[in-house]
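Chemist: Counting in this note's numbering, the sequence shown runs from -14 upward without gaps.
Cβ coordinates follow ideal geometry from the N, Cα and C atoms, glycine included.
Only a predicted model underlies this, so the values are computations on that prediction, with no experimental measurement involved.
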Amino acid sequence: MSLELGGIHHLTAVTADAPRNLKFYTKTLGMRLIKKTVNQDDTSAYHLFYGDGVASPGADLTFFDFPTMREQRGNHTVGRTGLRVDSEATLQWWKEHLADQNVATSGIKERFGHVSMDFEDFEGQRFRLLVDDKNKVVPWAKSPVPADKQIIGLGPITLSVPELAPTDAMLTRVMNMRQVRNYPARDSKGEVFVYEMGPGGPGAEVHVSVNPDLPRARPGAGGVHHVAFRTKDQDDLRAWIDRINSFGIRSSGEVERFYFTSLYFREPNGILFELATDVPGFAADEPMETLGESLALPPFLEPHRAQIEAGLKPLE
């Protein structure tokens, strides 16, 4: 039986304003702060995780807090992140809610298989809210957004590349995804190719937007750092590591992140991919009821807590 990925695990983006980021994602988008921790490779930076009521894999939108300029848009990066809601009526509610919060949106219409609406956060992070009527919300009781209107999770994720063939080879030959359809890009003259993994559906789709005329993106606030895909557990991840190695692809090897175990590598157009386990999850070091309420550090950083806390700016 061939290895299959389970869908999108999380997406990690960049902010240059962590307090405002926290306010936007918890108050405006109504997501739960499920983990307040630090970048394990640069402990002067917050790593904030937002998710659903029980921190489900596939619902995690995460941010590194780096003092940086805005992203310069272009190729070789993630161009847009999908966020799923349960119905067209919910999408209409979001249009009105975002307008009340002074967030501009596109019209609601069918875009290539999904009824959707586009918007951006205060730093230009690009999102597409779309209907997924096959999955249900796992609500967060303290959200300012009504329980039945909350975000289900991530997906699809849109990659922006100048050339399809190398990325297609990575997605299909190495990562066992299926190319299922294509459509003309809405905001450029390019073409978008849709790949699905595991169960399919918008939470397990990658859209690859191909436009050779775009410049190379310059990373920054409002941009995406990497996208992660779901593996069941460590045994599953190690099978993927063997597979990635068998193609001669340079990778990080197994990386212990405490809340999940990871593998990092780049697809040929330079976008950073991560494979991450669904277990043990974010309740590994905090009770589910109080996730995200205090600074959580994995055991290997706990001895340095005083020094790390001294280097962080207050979020509130």
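1) Relative to the alpha-carbon of Gly64, which residue among Pro200, Trp79, Lys217 has its alpha-carbon at the smallest distance?
2) Using a Cβ-Cβ cut-off of 6 Å (strictly less than) and excluding sequence neighbours within five positions of Tyr249, which residues of its own chain qualify?
3) Hey, how far is the Cα of Lys127 from the Cα of Asp133?
4) Count Cβ pairs between the segment 137 to 147 and the segment 49 to 69 that sit closer than 8 Å; are there 3 or more?
5) DSSP on Arg65, reduced to helix/strand/coil?
6) Classify Val165 as buried or exposed, calling it buried when 16 or more other Cβ atoms lie within 10 Å of its own Cβ.
7) Please identify the residue among Asn254, Trp79, Arg228, Arg223 whose C-alpha is closest to the C-alpha of Val240.
8) Between Ile293, Gly185, Phe243, which has its C-alpha nearest Leu(-10)'s C-alpha?
9) Measuring alpha carbon to alpha carbon, tell me which of Val159, Phe178, Arg203, Val209 ends up nearest Gly233.
10) Using a Cβ-Cβ cut-off of 8 Å (strictly less than) and excluding sequence neighbours within five positions of Phe31, which residues of its own chain qualify?
11) So Phe9 and Phe112 are in contact, right, with Cβ under 8 Å, and what is the actual spacing, rounded?
12) Does DSSP put Asn161 in a helix, a strand or coil?
13) For Ser29, which of helix, strand or coil comes out of DSSP?
14) Classify Ser279: buried if its beta carbon has 16 or more other beta carbons within 10 angstroms, exposed otherwise.
15) Does the distance from the CB of Gly205 to the CB of Arg55 come in under 8 Å?
16) Would you identify the three-state DSSP class for Ala206, choosing helix, strand or coil?
17) If you follow the alpha helix (DSSP H) that Ile293 is part of, which residue opens it and which one closes it?
18) Could you please give the first and the last residue of the uninterrupted alpha helix (DSSP H) stretch that includes Ala74?
19) Could you give the distance in angstroms between the alpha-carbon of Asp85 and the alpha-carbon of Glu274?
20) Report the option in Arg17, Leu7, Ser101 whose CA atom is closest to the CA atom of Phe75.
21) Counting C-beta neighbours from all protein chains within 10 Å, is the total for Ala(-2) 16 or more, i.e. buried, or is it exposed?
22) Throw me the rounded Cβ distance for the Gln77 and Ile93 pair, which I believe falls under 8 Å.
23) Among residues of its own chain, excluding the 5 on either side of Ile256, which ones have a beta-carbon nearer than 7 Å to its beta-carbon?
24) Rounded C-beta distance between Asp45 and Gly36? I'm assuming under 8 Å.
25) Who pairs with Asn24 in a beta bridge, going by DSSP?
26) Can you list, in chain order, the residues of its chain whose CB lies under 8 Å from that of Gln57, leaving out five sequence neighbours each side?
Modeler: Judging by the given coordinates:
1) It is Pro200 whose Cα lies nearest to the Cα of Gly64.
2) Answer for Tyr249: Ser237, Glu259, listed in chain order.
3) Going from the Cα of Lys127 to the Cα of Asp133 covers about 13 Å.
4) Output reads yes: the segment 49 to 69 touches the segment 137 to 147.
5) In the structure shown, Arg65 sits in a strand (DSSP, three-state: E or B).
6) Counting every other CB atom within 10 Å of its CB across the protein chains shown gives Val165 a total below 16, marking it as exposed.
7) Nearest C-alpha to Val240: Arg223.
8) The shortest Cα separation from Leu(-10) among Ile293, Gly185, Phe243 belongs to Gly185.
9) Of the candidates Val159, Phe178, Arg203, Val209, the one whose C-alpha sits nearest the C-alpha of Gly233 is Val159.
10) Note that residue 31 is Tyr in the sequence shown here, rather than Phe. Within the same chain, Tyr31 has close Cβ partners Ala3, Lys21, Thr22, Val23, Asn24, Phe48, Phe49, Asp50, Leu297, Leu300.
11) Not a contact, Cβ separation roughly 11 Å.
12) DSSP places Asn161 in the coil class of the three-state scheme, outside both helix and strand.
13) Strand.
14) Counting the other Cβ atoms within 10 Å of the Cβ of Ser279 gives fewer than 16, which makes it exposed.
15) Going by C-beta atoms, Gly205 is nearer than 8 Å to Arg55.
16) Collapsing the DSSP output to three states places Ala206 in a strand.
17) Residues 290 to 295.
18) That run of the alpha helix (DSSP H) goes 73 to 85.
19) The alpha-carbon atoms of Asp85 and Glu274 are separated by roughly 30 Å.
20) Per the sequence shown, the amino acid found at residue 75 is Thr instead of Phe. Its Cα nearest to that of Thr75, the residue Ser101 stands out among Arg17, Leu7, Ser101.
21) Around the Cβ of Ala(-2), a 10 Å sphere holds 16 or more other Cβ atoms; the residue is buried.
22) The distance from the Cβ of Gln77 to that of Ile93 is about 7 Å, consistent with a contact at the 8 Å cut-off.
23) Counting only residues of its own chain and dropping the five nearest sequence neighbours on each side, Ile256 has a CB closer than 7 Å to the CB of His61, Thr62, Val63, Leu144.
24) About 5 Å; that satisfies the 8 Å criterion.
25) DSSP lists Asp27 as the beta-bridge partner residues of Asn24.
26) Taken in chain order, the residues that qualify are Pro200, Ala202, Arg203, Gly205.
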